[in-house]
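>
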Amino acid sequence: MIMDTIAAISTPLGEGGISVIRVSGGEAVPLVERVFQSKVKLSEAATHTVHYGNIIVPATKDRVEEVLVTVMRAPRSFTMEDVVEVSCHGGIVSVKKVLDLLLLQGIRLAEPGEFTKRAFLNGRIDLTQAEAVIDLIRAKSDRAFSIALKQVEGNLSKQIKVIRHQLVELMAHIEVNIDYPEHDVEEMTNAYIHEKGTAALAHIDMLLHTAQQGKILREGIETAIVGRPNVGKSSLLNELAQENRAIVTDVPGTTRDVISEFVNVGGIPLKLLDTAGIRETSDIVEQIGVERSRVALAEADLILLVISRSEELLPDEVELMRQLAGKQTIVIINKIDLPSKLDMNQILAYFPQERIVEVSLVEGTGMDGLEKAISGIFFEGKLEAGDLTYVSNIRHIHLLKQARASLEDGLQANEEHTPIDILQIDLRSAWEYLGEIIGDSVGESLIDQIFTQFCLGK
Ligand code: GDP
Ligand code: ZN
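Under full-length UniProt numbering, residues 1 to 458 are what the sequence shown spells out, in order.
Pasting the structure below:
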């Protein structure tokens, strides 16, 4: 496959210190060399070396920008093609000038995701890894980031390959049986299929099971802060937003008019719902009993119920606790700097101790307890991003489910002693669905569809 040489600015556009232009393709080195003036001839430079010099207009020798140029020769580069990276530090105007100059040399501006696409097409990474690059760019929390990183490293692909291997073994075994269909072999085969097929099914289930956590880490836990007026809801919101880097999304296609705020609590992203409502002091609890608030509560994955320790519970609050008892709720007893007028037994009647945290939002104490409670709910102290492969991509989940259904059909057929070549069809389609996850035998259009989600320069 002959591919032309492409270039794009691969660092985020902005004021930042250094901008990098990445050039990839068979002609990357000679084409950059035309505009690069330095002690070393770029075409003679060893791979993985950095060179100081100037970008010049070839005709006039006018200096455009002082740069560092890195040469990475095929196949030891991200795209497996010759890659030249030009680091400029002169701000966006001069970076654009350098890029324009490169384009004049016959280099084409890269499409969004084209570098990653080439890495995929050249066999450097598989599809799950390529898709994880998108997730890396979009990650809203350190946990989401490390999951994506694991996937870039090929964790999910490895697991998919293990399952596919199990299915291939099964199919091979059946193949043998078709050739030698003695009766006792058939019985053995039924037992064998049951055992191996069930194991593969369990492995798929295990991956699907991580999907929920994966989604949460990617998209944030939808969180509602509730409580009667004056207990400290706005203070909590401010505390969360200050202490934790608020995350701004710049993902194309996300609707900006939906009002929600991301905060990062102990590596877990919370998507605070109805934030504007809280800010504008239209306290949710004032609408208790109103249908609207019930909908808001139903939508939330997590509810932070704020109660003030300095006052006795009101009947409204008891009613709210009763409504929330079955939901993922953390009770935040605020104002512990003040004398207590609260009867804790009234709260313990609805929530276990580990769901109750005590804080003082004016003094900023107790927030680590809140962090622990939140990660306790969603990870039960067991799951760490480091030791699990999370499936979080909708496409992967969908294919895993299809593979699961086919495999289950196959196992069902096996129980019913259906002719073995029919069973083979189910196994084969399960194997194919799994193959689509890692990009084995996927069509051109799917590949294009996936790579258009990238931003420019990746
Ligand atoms: P909201 O109406 O539930 O949003 O409550 P606010 O966050 O607006 O707080 C109501 C009042 O309680 C404000 O005057 C806060 O300064 C005060 N407050 C919030 N947290 C604490 C706390 O931990 N201790 C004390 N003593 N006062 C607090
Ligand atoms: Zn408020």
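Glycine included, C-beta positions come from ideal geometry on N, C-alpha and C.
(1) Count the other C-beta atoms from every protein chain shown that fall within 10 angstroms of the C-beta of His396, then say buried if there are 16 or more, exposed otherwise.
(2) Where does Ser87 fall in DSSP's three states?
(3) Say the cut is 6 Å; is the CB of Lys335 nearer than that to a heavy atom of ligand 4?
(4) May I ask you to check if the CB of Pro339 is nearer than 6 Å to at least one heavy atom of ligand 1?
(5) Based on Cα-Cα distance, which residue from Ala325, Leu338, Ser375 and Lys341 lies nearest to Pro352?
(6) If we ignore side chains and look at the alpha-carbon of each, how far apart do Ile347 and Met206 end up?
(7) Counting only C-beta atoms, is Val67 closer than 7 Å to chain D at any point?
(8) Identify the residues that DSSP records as bridge partners of Thr60: which are they?
(9) Using the rule of at least 16 other Cβ atoms within 10 Å of the residue's Cβ for burial, across every protein chain shown, is Gln412 buried or exposed?
(10) Let me check one thing: in DSSP terms, what residues is Val67 bridge-paired to?
(11) Is it the case that the stretch 322–336 contacts the stretch 226–236, given that we only count it when at least three CB pairs across the two stretches are under 8 Å?
(12) Going by the beta-carbon positions, is the gap between Ser375 and Gly266 smaller than 7 Å?
(13) Are there any heavy atoms of ligand 1 lying less than 6 Å away from the beta-carbon of Gly232, as far as the coordinates show?
(14) Would you mind reading off the limits of the alpha helix (DSSP H) that contains Gln323?
(15) Quick check: does the Cβ of Leu361 come within less than 6 Å of any heavy atom belonging to ligand 1?
(16) Do Glu27 and Ser43 have their CB atoms nearer than 7 Å?
(17) Check each candidate in Asp4, Ser308 and Ala405 and name the one with the smallest Cα separation from Pro229.
(18) How do the stretch 400–414 and the stretch 429–436 stand: do at least 3 beta-carbon pairs fall below 8 Å, yes or no?
(19) Can you grab the Cα-Cα spacing for the pair Lys341 / Gly369, in whole Å?
(20) What span of residues does the beta strand (DSSP E) with Leu411 cover, start to end?
(21) Taking the continuous beta strand (DSSP E) assigned at Asn347, which residues delimit it?
(22) In this structure, does DSSP put Lys97 in helix, strand or coil?
(23) Are Ile55 and Val40 touching if we call contact CB-CB under 7 Å?
(24) Taking the continuous beta strand (DSSP E) assigned at Ile107, which residues delimit it?
(25) Could you name the residues of the same chain whose beta carbon sits closer than 8 Å to that of Met171, not counting the 5 residues immediately before and after it, in chain order?
(26) Quick one: using the 10 Å Cβ neighbour count with 16 as the cut-off for buried, is Arg76 buried or exposed?
(27) On the three-state DSSP scale, how would you describe Val162?
(28) If you compare alpha carbons, which of Asp62, Glu175, Thr60 and Val50 is closest to Val83?
(29) List the residues that DSSP assigns as beta-bridge partners of Phe36.
(30) Apply the 10 Å Cβ neighbour rule to Val176 and answer buried if 16 or more other Cβ atoms are within range, or exposed otherwise.
(31) Under the assumption that Phe120 contacts Ala130 (Cβ atoms under 8 Å), give the Cβ distance between them as a whole number of angstroms.
(32) With a threshold of 16 other CB atoms inside 10 Å of the CB of Glu299, please say whether the residue is buried or exposed.
(33) Give the DSSP bridge partners of Thr329, in chain order.
(34) Roughly how many angstroms lie between the CA atoms of Val23 and Val69, to the nearest whole one?
(35) Could you name the residues that DSSP lists as bridge partners for Ala7?
A quick look at the data gives this:
(1) Flag for His396 reads buried.
(2) Correct three-state label for Ser87: strand.
(3) The model on display carries ligand 1 and ligand 2 but not ligand 4.
(4) Incorrect: Pro339 has no Cβ contact closer than 6 Å to ligand 1.
(5) The option with the nearest alpha carbon to Pro352 is Ala325.
(6) Straight-line Cα distance between these residues: approximately 36 Å.
(7) The question asks about chain D, but that chain is absent: this structure has only one protein chain.
(8) Its beta-bridge partners do not exist; DSSP assigns none.
(9) Note on Gln412: under 16 other CB atoms within 10 angstroms of its CB, so exposed under the neighbour-count rule.
(10) BP columns for Val67 point to Gly53 and Cys88.
(11) Touching, yes.
(12) Cβ distance < 7 Å, so Ser375 and Gly266 count as in contact.
(13) At least one heavy atom of ligand 1 is nearer than 6 Å to the Cβ of Gly232, so yes.
(14) Run containing Gln323: Pro315 to Leu324, per the alpha helix (DSSP H) assignment.
(15) Yes, Cβ of Leu361 sits closer than 6 Å to a heavy atom of ligand 1.
(16) Taking 7 Å as the Cβ cut-off, Glu27 and Ser43 do not qualify as a contacting pair.
(17) Of the candidates Asp4, Ser308 and Ala405, the one whose C-alpha sits nearest the C-alpha of Pro229 is Ser308.
(18) With a cut-off of 8 Å, the stretch 429–436 and the stretch 400–414 count as touching, because enough Cβ pairs lie within range.
(19) If I take the Cα positions, the gap works out to 22 Å.
(20) Unbroken run through Leu411 is the alpha helix (DSSP H), Ile394 to Glu415; no beta strand (DSSP E).
(21) The amino acid occupying residue 347 in the given sequence is Ile; Asn does not appear at that position. For Ile347, no beta strand (DSSP E) segment is defined; the enclosing uninterrupted segment is the alpha helix (DSSP H) at Met344 to Leu348.
(22) Here Lys97 sits in helix by DSSP.
(23) No; because the gap between Cβ atoms is not below 7 Å, this pair is not in contact.
(24) Ile107 -> no beta strand (DSSP E), and no H or E assigned at all.
(25) Same-chain partners within the cutoff: Gln424, Leu427, Arg428 and Trp431.
(26) In summary, Arg76 is exposed, with fewer than 16 beta-carbon neighbours lying within 10 Å of its beta-carbon over all protein chains present.
(27) Residue state, collapsed to three classes: helix.
(28) It is Val50.
(29) Note: Phe36 sits in a beta bridge opposite Ile55.
(30) Label assigned to Val176: exposed.
(31) Indeed they touch by this definition, with Cβ atoms about 5 Å apart.
(32) Exposed is the call here.
(33) In DSSP, Thr329 forms a bridge with Ile303.
(34) If I take the Cα positions, the gap works out to 11 Å.
(35) In DSSP, Ala7 forms a bridge with Val23 and Leu109.
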